[in-house]
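Participant:
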Amino acid sequence: MNQEISLVVNGTSHTVRVGDHWTLLDLLHDALDLKGTKDGCGEGVCGACTVLVNGRAVRACLTLAAYVQGAEVVTIEGLARDDELDPVQRTFLELGAVQCGYCTPGMIMMSKALLDENPNPTRDEVREALAGNLCRCSGYTKIIDAVMAVRGAD
Amino acid sequence: MPPSQEFRIIGRSWPRHDAREKVLGRPIYASDFTMPGMLHGRALRSLYPSARILSIDTSEAEKLPGVVCVLTHKDVPKNEMEMALPGRMAEATAGAQMATQPILADGRVRFLGEAIALVAAESPEAAAQALDLIRVEYEELPGVYDSLEAMKQGAPKVHESGNILQRWHVRKGDVGSGFEEADVILERTYHVQLLDHAYMETEGGVAWVDPDGTLVMKVGTQVVEHYTDVTEALQIPRNKIRLIAAPMGGGFGGREDVTVEILVGLLAWHTRRPVRLVYSRDESILAHGKRNAYVLRYKMGAKRSGEITALEAEVVSDSGAYAALTPWILYYTTATATGPYRIPDVLVDASAVYTNNTFASAFRGFGSVQACFAYEGHMDAMAGELGMSPREFRERNYLKKGDTISSGWALESEPMLDELTSRAWEALGPPPKREPGKKIGRGMAATMVPYGRMAWTHDSSTAWVGMEADGTAMVRCAAPDPGGGQGSSLVAIAAEVLGLPMSRVSIGPADSHMAPRAGTTTATRQLFMSGNAVLKAAREVRESLVAQAAQMLGAREADIELVEGDALTPDGRRLGLAQVVREAIASGRPVESLAKYDAPVADTIDPDTGQGKPFNDFTFGVQVAEVEVDEETGQVRVRRFVTAFDVGKAINPSAVEGQLQGGVGMGLGDALMEEVVIDEGFTRNPHLMDYKLPTTLDTPDIETIVLESGQGLGPFGAKGIGEPALIPTRATIVNAVSDAIGVQLREAPLTPERVYRAMRSGTD
Ligand code: FES
Ligand code: FES
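Heads up: the sequence lines are chains A and B, in that order. First residue of the first sequence? That's 0 in numbering that gives the first Met the number 0, and the numbers climb one at a time after it. First residue of the second sequence? That's 0 in numbering that gives the first Met the number 0, and the numbers climb one at a time after it.
#1: If you scan the region 366 to 417 of chain B from start to end, which runs of the alpha helix (DSSP H) of 4 or more residues do you find wholly inside it?
#2: Taking B/N211 as the reference, which of B/Y690, B/A323 and B/K239 has the closest Cα?
#3: Short of 8 Å in beta carbon distance, which residues of its chain neighbour B/H377, apart from the five on each side in sequence? Order them along the chain.
#4: Between B/W408 and B/F617, what straight-line distance do the alpha-carbon atoms span, to the nearest angstrom?
#5: Answer with yes or no whether the minimum CB distance from B/V22 to chain A is below 8 Å.
#6: Let me see if you follow: with CB-CB separation under 8 Å, is B/P14 close to chain A or not?
#7: Among B/A757, B/M447, B/V580 and B/E79, whose alpha-carbon lies nearest the alpha-carbon of B/R341?
#8: Using a Cβ-Cβ cut-off of less than 9 Å, list which residues of the region 27 to 58 of chain A approach chain B; keep chain order.
#9: Would a check of beta-carbon distances place A/L84 closer than 8 Å to chain B?
#10: What I want to know is whether the C-beta of B/M199 ends up closer than 7 Å to one or more non-hydrogen atoms of ligand 2.
#11: When you measure from the CB of A/V17 to every non-hydrogen atom of ligand 2, does any distance come out below 7 Å?
#12: Measuring only the C-alpha atoms, how far is B/E375 from B/G507?
#13: Between A/Y101 and ligand 2, is the CB less than 7 Å from at least one heavy atom?
#14: What residue range does the alpha helix (DSSP H) around B/R280 cover?
#15: With a threshold of 8 Å between beta carbons, is A/Q206 in contact with chain B?
#16: Buried or exposed, going by whether 16 or more other CB atoms sit within 10 Å of the CB of B/P727?
#17: Can you tell me whether DSSP reads B/I55 as helix, strand or coil?
#18: Run down chain B in chain order and give the residues with a C-beta less than 7 Å from the C-beta of A/C136.
#19: Can you name the start and end residues of the alpha helix (DSSP H) that B/R771 belongs to?
#20: According to DSSP, simplified to helix, strand and coil, what is B/G212?
#21: Across the region 683 to 698 of chain B and the region 577 to 591 of chain B, are there enough close Cβ pairs to call them in contact, namely three or more that are closer than 8 Å?
#22: So, B/A517 versus B/S592, is the Cβ gap smaller than 8 Å?
#23: I want to check one thing, is the minimum distance from the CB of B/V143 to the heavy atoms of ligand 1 below 7 Å?
#24: Would you verify that the beta carbon of A/G10 is, or is not, closer than 8 Å to some beta carbon of chain B?
#25: Check whether the Cβ of A/R58 lies closer than 7 Å to any heavy atom of ligand 1, and answer yes or no.
#26: I'd like to check one pair, A/R135 with B/A312: are the Cβ atoms closer than 8 Å?
#27: Can you list, in chain order, the residues of its chain with a C-beta nearer than 7 Å to that of A/E76? Leave out the 5 residues immediately preceding and following it.
#28: Going by the beta-carbon positions, is the gap between B/V663 and A/G95 smaller than 8 Å?
#29: Helix, strand or coil, according to DSSP, for B/M758 in the structure here?
#30: By alpha-carbon positions, which one of B/A717, B/V628, B/D469 and B/T227 ends up nearest to B/D738?
#31: Quick one: give me the first and last residue of the alpha helix (DSSP H) that B/S592 is part of.
#32: With a 10 Å radius around its C-beta and 16 neighbouring C-beta atoms as the bar for buried, classify A/R150 as buried or exposed.
#33: Which residue from B/A334, B/K302 and B/T354 puts its Cα closest to that of B/R395?
#34: Among residues of its own chain, excluding the 5 on either side of B/M387, which ones have a beta-carbon nearer than 6 Å to its beta-carbon?
#35: Is there a Cβ from chain B that is less than 8 Å from the Cβ of A/P120?
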């Protein structure tokens, strides 16, 4: 049966009527028209759908919409302030960590979650943290460079 | 460009023009695109790899609420796609294949996942349910799933015409006498597995019919020219369709073939409503063209001194159920079978064979990866027989400018292989210490890869560059950008020539109605071809602006420079380009230009001997790696990886590094973990859960060495790098692992089991 979900997305409150098996990805991408959160596999493998729920990185494709009742969600659209890029976005941009861009929102959100928890990660810690986010274009080197550079950029 | 002027943009690292939008999550990929009243399309796919279809009953599906239409082969005006090359080259190509593939199966399916029917429904749920309600009655038929089996007498026929799809040959010199001169002759067989592109975004598109009756589609495609396949299928005039390449989540050759274009076009045409059709991940793995699996038998002769005298290669490519681009991929393998080595006597016989596996087609590397794996594996094996190091043996035989390649053509540019080799090894440094429990090894591979199409194809690209009266500029060029940065390079070239900051130059979408034809984003040709077209158009505009500015400033044209949006004189007077443009328009001077670039043309090669000029130029590269193998488990870890290429000229060094690293990342998957496993026609791993891709933990930091010899045919001397970046990686890693364990591995992926078994048996 349909159900109403209230949540805060990128600082704005929403009440959304969701279908039975809706995932958070359906809710964000289709109901709220936040197209930045991507569907790469729909089964929890690629990380393209990564968003923050109450400050923690989750895979929106594996998260039932019902589960985010009352939650605070941040998506890629919620990072920049008045067009000023978040430091992670800035280093991804400046260091050429973006190619096709399809993995980018998930990568940035995952990096954000890491840096919120551990502002000075080692290269190996960045590798660990991003191990569940697949990128087919970059070979990862520049993505890791970008995350490492955030410390310097802040 | 006045010679005095240094490049302001070209050769410096800058963020791509679209990177800001991408970090903000803003681009709308085909799978994100919606329209009011949009329907959801799905395809019903075959459950058997080889079967007769006795009946298709769609009546229950049609009755389901929310279902708007169900289509089968009967609803396709011309249910046959011709398997000629995309774009404009088919007519110009010798022996063009005219094999066909049904759009929706008609009476017969030849691989698991072949499309049988289409549904459009109001919701994705209704579309999915409708698929379940379509009744298909099959009669299973014997199939053939191995390319060597398929070549045998009496093998089940995949097509009435038989299982041999294509043959190519090379005959250079006389291998008989070449082998007679040899002191050592070595013969071995190499295997290359089926691979999936596994771009992060699956195939997708949206189509609708505009009020004027034009069928419009936004599709993630590398080939805008696919609109002609749609008009053929629908039997509508070619000027009644408009195809726009959407931003893509990767291409890698997987969007070089038609993917959803015809399917979504049929649904929109029938329903007269917008329809979106996006492949699920399993559909993407099951039903789009894979990287061809190969068997390559190599026999090489060499003198004790290390000089190669002869090479004989027999190559068999598994085309799967349909031809797609396999005949041309096989040509690339054939033409590059000798690698970057001087070999006087060469014989190559290559065949492509139909099987009931998923059809194979373009994949980054286009036949060159398979060849490189065999010739580089064989170079190592031969070096071992001769008691030479792999590096020394290669250096003894590297091609130099003026040497003839296997087609008898003399190389027109300097391959730089010695320099690439020493720089790559230098970067790797002295060998590491031994570590208990681990076997450590190092390996290398060198390669020679064409960029641009075959030289006899009359390839061309057109681009339009124009100034606006506010001093901004626009580039129009229908060159799709699958993520490699093709668009950014074109923007940079125009900005450089026009003396504008990049932020003042925009590029429109690859749109068949609005942008001049650029040809396909394949064959590592866009920077070379469309880069030259943009360069030519921008120079024409520049000339006109300079003439106008010279007149306004009372200076000589030769003295005018265009810098950061201003026209400058040597004595420091300046004028904003906006003003120059407005004056130019007022006085009737052109501020825009449409330019066509034609690639150099050669005669068609001799199909019986492969002799002639196959390609206009090649990109050369060398890679080295250090790996460790766990003695207990056979697990391989790549510790270091250095990739060195001569790119001619780096338009954007940071982007070149990104391409080089991305190629290595992909090749690492090919070498260590990826394979589409098809068991008697049934795909066992159509999910990313079990089709494993490299992660950050598998991939080391990839070190890049970029040489700029300036010898390329592209703008400012650039060569192409998109595909070459990947090609030697598989061979490099496999050679390094072979070195570590002391046993030559001749197939991949190097799963722990495979490595462990080789290590234990101690033989290959
Ligand atoms: S789409 Fe959620 S993990 Fe791949
Ligand atoms: S940039 Fe294309 S998948 Fe990461």
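Idealized CB from N, CA, C, for every residue including glycine. Computed from a prediction, not measured in an experiment: that's the story for all the values here.
Facilitator: In short:
#1: Listed in chain order, they are 367 to 385 and 389 to 396.
#2: Position 212 of the second sequence, counted from the start, is the residue given in the question as residue 211 of chain B. The sequence shown places Asp at residue 211 of chain B, rather than the Asn named in the question. Proximity to B/D211 across B/Y690, B/A323 and B/K239 peaks at B/K239, based on C-alpha coordinates.
#3: Position 378 of the second sequence, counted from the first residue, corresponds to residue 377 of chain B. For B/H377, same chain residues with a beta-carbon under 8 Å away, outside a window of 5 residues either side, are L185, R187, Y189, Y297 and M299 in chain order.
#4: Residue numbering aside, residue 408 of chain B sits at position 409 when the second sequence is read from its first letter. Residue numbering aside, residue 617 of chain B sits at position 618 when the second sequence is read from its first letter. Computed Cα separation, rounded: 12 Å.
#5: The sequence position of residue 22 of chain B within the second sequence is 23, counting from 1. Chain A places a beta carbon closer than 8 Å to that of B/V22, counting this residue as a contact.
#6: If you number the second sequence from 1, residue 14 of chain B lands on position 15. Interface residue (Cβ-Cβ distance to chain A less than 8 Å): B/P14 is classified as such.
#7: If you number the second sequence from 1, residue 341 of chain B lands on position 342. Comparing Cα positions, the closest option is B/M447.
#8: So the close ones are H28, D29, D32, L33, K34, G35, T36, K37, D38, G39, C40, G41, E42, G43, V44, C45 and A47.
#9: If you number the first sequence from 1, residue 84 of chain A lands on position 85. Chain B, which has a Cβ nearer than 8 Å to the Cβ of A/L84, makes this yes.
#10: Taking the first residue of the second sequence as position 1, residue 199 of chain B is located at position 200. Because some heavy atom of ligand 2 lies under 7 Å away, the Cβ of B/M199 counts as near it: yes.
#11: Your numbering for residue 17 of chain A matches position 18 in the first sequence. Outside the cutoff, so no.
#12: Taking the first residue of the second sequence as position 1, residue 375 of chain B is located at position 376. Taking the first residue of the second sequence as position 1, residue 507 of chain B is located at position 508. One alpha carbon belongs to B/E375, the other to B/G507, and they sit about 42 Å apart.
#13: The residue labelled residue 101 of chain A in the question sits at position 102 within the first sequence. Yes.
#14: Sequence index remark: in the second sequence, residue 280 of chain B carries index 281 (1-based). It spans R280 to A286 - the alpha helix (DSSP H) in which B/R280 sits, taken as one unbroken run.
#15: Summary: the structure shown does not reach residue 206 of chain A, with chain A confined to residues 0 through 153, and so no result is reported for it.
#16: For the purposes of this step, residue 727 of chain B is identified with residue 728 of the second sequence, where counting begins at 1. Buried, by the Cβ-count rule.
#17: Here residue 55 of chain B corresponds to residue number 56 of the second sequence, with the count starting at 1. If DSSP states are grouped into helix, strand and coil, B/I55 belongs with the strands.
#18: Locating residue 136 of chain A in the first sequence gives position 137, where the first residue counts as 1. Within chain B, the residues near A/C136 are G249, G482 and G661.
#19: Nothing in the structure corresponds to residue 771 of chain B, since chain B is present only between 0 and 763.
#20: As a first step, residue 212 of chain B must be located in the second sequence, where it is residue number 213. Residue state, collapsed to three classes: coil.
#21: Here the region 683 to 698 of chain B makes no contact with the region 577 to 591 of chain B; the two share fewer than three CB pairs at distances below 8 Å.
#22: Along the second sequence, read from residue 1 onward, the residue named residue 517 of chain B stands at position 518. Along the second sequence, read from residue 1 onward, the residue named residue 592 of chain B stands at position 593. No.
#23: Residue 143 of chain B sits at position 144 when you count from the first residue of the second sequence. The answer is no for B/V143.
#24: By one-based count along the first sequence, residue 10 of chain A stands at place 11. With 8 Å as the cut-off, A/G10 does not count as an interface residue toward chain B.
#25: As a position in the first sequence, residue 58 of chain A is number 59, starting the count at 1. Within the cutoff, so yes.
#26: Here residue 312 of chain B corresponds to residue number 313 of the second sequence, with the count starting at 1. Here residue 135 of chain A corresponds to residue number 136 of the first sequence, with the count starting at 1. No, Cβ-Cβ distance for B/A312 and A/R135 is not below 8 Å.
#27: As a working mapping, residue 76 of chain A is identified with position 77 in the first sequence. Residues N9, L33 and G35 of the same chain have their beta carbon placed closer than 7 Å to that of A/E76, with the five preceding and five following residues left out of the count.
#28: As a first step, residue 663 of chain B is located in the second sequence; it is residue number 664 there, counting from the start. As a first step, residue 95 of chain A is located in the first sequence; it is residue number 96 there, counting from the start. Cβ distance not < 8 Å, so B/V663 and A/G95 don't count as in contact.
#29: What you label residue 758 of chain B is simply residue 759 of the second sequence in a count that begins at 1. Helix.
#30: As a first step, residue 738 of chain B must be located in the second sequence, where it is residue number 739. Proximity to B/D738 across B/A717, B/V628, B/D469 and B/T227 peaks at B/V628, based on C-alpha coordinates.
#31: Within the second sequence, numbered from 1, the residue matching residue 592 of chain B stands at position 593. Counting along the chain, no alpha helix (DSSP H) covers B/S592; the unbroken beta strand (DSSP E) around it starts and ends at E591 to D597.
#32: Along the first sequence, one-based indexing puts residue 150 of chain A at 151. With fewer than 16 other CB atoms across the displayed protein chains lying within 10 angstroms of its CB, A/R150 is exposed.
#33: Within the second sequence, residue 395 of chain B is the residue found at index 396, counting from 1. Out of B/A334, B/K302 and B/T354, B/K302 has the C-alpha closest to the C-alpha of B/R395.
#34: The count along the second sequence starts at 1 and reaches residue 387 of chain B at position 388. Closer than 6 Å at the Cβ level, and outside the excluded window around B/M387, lie G305.
#35: Position 121 of the first sequence holds residue 120 of chain A. Not one chain B Cβ lies under 8 Å of A/P120.
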